[in-house]
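Remember, this note's numbering sits 73 above the position in the sequence shown when you count from 1.
Reading through the structure tokens given below for one structure.
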Amino acid sequence: YGLLMHNKGLGPLWTLAMSGLVFAGSLQYVAITLLIAPFNPLYALLFGLMINARHLFYGMSMLEKYRGYGALKPLMIFWLADETFSIVCSTSAPDGVEEKYFYFYISLINYLYWVLATVLGNLAGNLLTFNTTGLDFALTALFIVIFVDQWRFSKNHLPAIIGVGATTLCLLLFGKEHFLIPAMAAIVLALLLGQKKLNTEESL
Numbered sequence: 074y075g076l077l078m079h080n081k082g083l084g085p086l087w088t089l090a091m092s093g094l095v096f097a098g099s100l101q102y103v104a105i106t107l108l109i110a111p112f113n114p115l116y117a118l119l120f121g122l123m124i125n126a127r128h129l130f131y132g133m134s135m136l137e138k139y140r141g142y143g144a145l146k147p148l149m150i151f152w153l154a155d156e157t158f159s160i161v162c163s164t165s166a167p168d169g170v171e172e173k174y175f176y177f178y179i180s181l182i183n184y185l186y187w188v189l190a191t192v193l194g195n196l197a198g199n200l201l202t203f204n205t206t207g208l209d210f211a212l213t214a215l216f217i218v219i220f221v222d223q224w225r226f227s228k229n230h231l232p233a234i235i236g237v238g239a240t241t242l243c244l245l246l247f248g249k250e251h252f253l254i255p256a257m258a259a260i261v262l263a264l265l266l267g268q269k270k271l272n273t274e275e276s277l
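Put into structure tokens, the structure is as follows:
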């Protein structure tokens with residue numbers, strides 16, 4: 074991300090601000106184009122909502138786990154990125170370690186890693202010169218890895234099947250330019266309607 078920012082003429086301070094205040098990897102990649110194009114606030118808002126709509130599901134799935142976190146809860150919500158979500162969902166606190174602080178420091182470290190690495194990447198852009206074509210595929214690879222990881226460690230695969238099925242159906246019906254919002258709406262509706270069944274299967 075830092076290298077791409079540098080490649081577009083955006084320096085380390087821009088990178089620090091985007092990573093520290095926005096902290097949304099995939100949206101930050103897209104925001105590079107928004108930053109260098111004529112500003113359209115409505116377009117930026119809608120684009121951001123579509124790209125980060127998956128965080129709605131992250132948040133809903135963390136309602137019980139983050140209950141009772143007190144003053145730490147706003148930070149935990151802000152730091153709930155893709156990688157943090159994957160780790161928190163699949164890792165338990167070691168014996169003798171309080172769960173709340175275990176997840177808090179995982180979230181904090183992931184946040185600091187991202188901010189520091191993106192700034193260093195931007196600074197390294199002054200020293201490295203290579204073709205960045207295809208670098209954006211890292212996002213696709215990331216989501217595939219997260220999906221596979223959640224499939225392996227989750228007992229209930231129905232939410233994943235609903236997600237893939239609804240997305241594929243909406244892609245066929247609405248096309249690649251307009252499928253995202255209908256797909257998200259369909260997934261939310263399916264999960265809400267099947268919440269009781271999902272909770273029952275999860276407890277088995």
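Idealized CB from N, CA, C, for every residue including glycine.
The region 195-202 touching the region 132-142, judged by at least three CB pairs closer than 8 Å: no
N-terminal and C-terminal residue of the alpha helix (DSSP H) that Asp155 is part of: 155-163
Exposed unless 16 or more other CB atoms sit within 10 angstroms - verdict on Trp224: exposed
Rounded straight-line distance, which links the Cα of Ala259 to that of Leu266: 11 Å
Sequence ranges, alpha helix (DSSP H) only - wholly within the region 75-139, length at least 4: 75-80, 85-90, 98-109, 114-124, 127-134
Runs of alpha helix (DSSP H) wholly within the region 161-235 (minimum 4 residues, chain order): 172-197, 210-226
Same chain, Cβ closer than 6 Å to Pro85, neighbours up to 5 away in sequence not counted: Val192, Asn195, Leu196
Ala166 versus Tyr139 - alpha carbon distance: 14 Å
Val161 classed as buried or exposed, judged by whether at least 16 other C-beta atoms fall within 10 angstroms: buried
Cα-Cα separation, Leu115 to Leu122: 11 Å
Closest Cα partner of Phe220 within the set Ile254, Val188, Ser163, Ala263: Ser163
Stretch-stretch touch, CB-based, cutoff 8 Å, three pairs: the region 143-155 with the region 90-110: yes
Cβ-heavy atom distance, Ile124 to the ligand ATP, below 7 Å: In terms of ligand content, the structure shown is empty, and the ligand ATP therefore cannot be addressed.
Through-space distance from Gly93 to Ile254, alpha-carbon basis: 27 Å
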